[in-house]
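Asker: Dropping the structure in here first, questions after.
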Amino acid sequence: MKTIVLASNNQHKVLEYQKILKNYKLITLKDLDYQEEIEENGHTFAENALIKASTIHNYLKEQQKDYIVLAEDSGLCINALNGAPGIYSARYSGVHGNSLENRKRVLKELDGVDDRSAYFMCAIVVYFPNGEYQTFTGRTDGSITKEERGRTDFGYDAIFLSDDLDCTFGEATEEEKNSVSHRGRAIEEMLKFL
């Protein structure tokens, strides 16, 4: 069984990938005892994913480990906000990972705005031990609701009304969400390649 290093410590993402990549042994940065903070200073989701993937690839080379590295960057892009929060989705309110405050800021900024169209974008980079890498992207369209609906435990799910599902990601089951999500679509492309 091939080993893939998931360049993340986000438990929600780890669980999502474990369900999908059943034919691979998945290990995280925590499993590698990798403590460094990787500075994501790219201008696009793909650039940030590549920064993470190449950083971990180089770390593994130093450790003389031949693992495939998988890194991703994803976020919410709102047309009326010129694509914001975009690559700053996780820290839009100023604090990394504070989903409630991030959602509050989006709802406040869209107060009184008619165009509420938005999309989630995901870029996945798979970096191979030989130094070659491949990028896969996925997108899902929808709009921003005026109030939270459904589960509020993850990101912007409670305010993103999916065009495909006609409900928010917060109201959808995990299976429904994964079948149309930006990450699900990027992973689908990746699996065809792998």
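The working numbering puts the sequence shown at residues 7 to 200.
All C-beta atoms in this analysis are idealised placements derived from N, C-alpha and C, irrespective of residue type, glycine included.
Assuming residue 52 is part of the beta strand (DSSP E), what are its boundary residues?
Answerer: Here residue 52 corresponds to residue number 46 of the sequence shown, with the count starting at 1. Counting along the chain, residue 52 falls outside any beta strand (DSSP E), though it belongs to the alpha helix (DSSP H) covering 51-68.
Asker: Thinking C-beta only, is residue 63 closer than 7 Å to residue 126?
Answerer: The residue you call residue 126 lines up with position 120 of the sequence shown. The residue you call residue 63 lines up with position 57 of the sequence shown. Going by C-beta atoms, residue 126 is not nearer than 7 Å to residue 63.
Asker: Suppose only complete runs of 3+ residues qualify. What are the beta strand (DSSP E) ranges in the segment 88-112, listed by chain order?
Answerer: Correct list: empty.
Asker: Among 8, 98 and 131, which one has its Cα closest to the Cα of residue 28?
Answerer: One-based indexing of the sequence shown puts residue 28 at position 22. Ranking 8, 98 and 131 by Cα distance to residue 28 puts 8 first.
Asker: Just list the residues that DSSP pairs residue 129 with in beta bridges.
Answerer: Numbered from its first residue, the sequence shown carries residue 129 at position 123. In DSSP, residue 129 forms a bridge with 79 and 143.
Asker: Measuring straight from C-alpha to C-alpha, what distance separates residue 153 and residue 54?
Answerer: Here residue 153 is taken as the residue at index 147 of the sequence shown, counted from 1. Here residue 54 is taken as the residue at index 48 of the sequence shown, counted from 1. When rounded, the distance between both Cα atoms is 30 Å.
Asker: So, for residue 90: in the same chain, excluding its five sequence neighbours on each side, which residues have a beta-carbon less than 7 Å away from its beta-carbon?
Answerer: As a first step, residue 90 must be located in the sequence shown, where it is residue number 84. Excluding residues within five positions, the ones whose Cβ falls inside 7 Å are 84.
Asker: List the DSSP bridge partners of residue 74.
Answerer: Against the sequence shown, residue 74 aligns to sequence position 68. In DSSP, residue 74 forms a bridge with 10.
Asker: Which one of 88, 197, 20 and 157 has the shortest CA to CA distance from residue 144?
Answerer: Mapped onto the sequence shown, residue 144 falls at position 138. The option with the nearest alpha carbon to residue 144 is 197.
Asker: Just curious, the beta strand (DSSP E) that residue 199 is in, first and last residue?
Answerer: Locating residue 199 in the sequence shown gives position 193, where the first residue counts as 1. Taken as a continuous stretch (DSSP letters only), residue 199 belongs to no beta strand (DSSP E), being part of the alpha helix (DSSP H) at 188-199.
Asker: Using the rule of at least 16 other Cβ atoms within 10 Å of the residue's Cβ for burial, across every protein chain shown, is residue 88 buried or exposed?
Answerer: Taking the first residue of the sequence shown as 1, we reach residue 88 at position 82. Per the 10 Å Cβ criterion, exposed.
Asker: Express the C-alpha separation of residue 69 and residue 94 in angstroms, rounding to a whole number.
Answerer: Numbered from its first residue, the sequence shown carries residue 94 at position 88. Numbered from its first residue, the sequence shown carries residue 69 at position 63. In a straight line, the C-alpha of residue 94 is about 31 Å away from that of residue 69.
Asker: Whose C-beta lies closer than 8 Å to the C-beta of residue 24 among residues of the same chain, with five residues either side of it excluded?
Answerer: Here the question's residue 24 lines up with position 18 in the sequence shown. 32.
Asker: Give the straight-line distance between the Cα atoms of residue 16 and residue 120, rounded to the nearest whole angstrom.
Answerer: On the sequence shown, residue 16 is found 10 positions in, with the first residue counted as 1. On the sequence shown, residue 120 is found 114 positions in, with the first residue counted as 1. Approximately 34 Å, taken between the alpha carbons.
Asker: Output needed for residue 103: all residues of its chain with C-beta closer than 7 Å, excluding positions within five of it in sequence on either side, in chain order.
Answerer: Here residue 103 refers to the residue found at position 97 of the sequence shown. 96, listed in sequence order.
Asker: Measuring CA to CA, which of 109, 138, 186 and 128 is closest to residue 155?
Answerer: For the purposes of this step, residue 155 is taken as the residue at position 149 of the sequence shown. When each option's Cα is compared against that of residue 155, the closest is 109.
Asker: Taking the DSSP output, what are the residues bridged to residue 174?
Answerer: Counted from its first residue, the sequence shown places residue 174 at position 168. DSSP, once it has assigned bridges, lists 167 as partnering residue 174.
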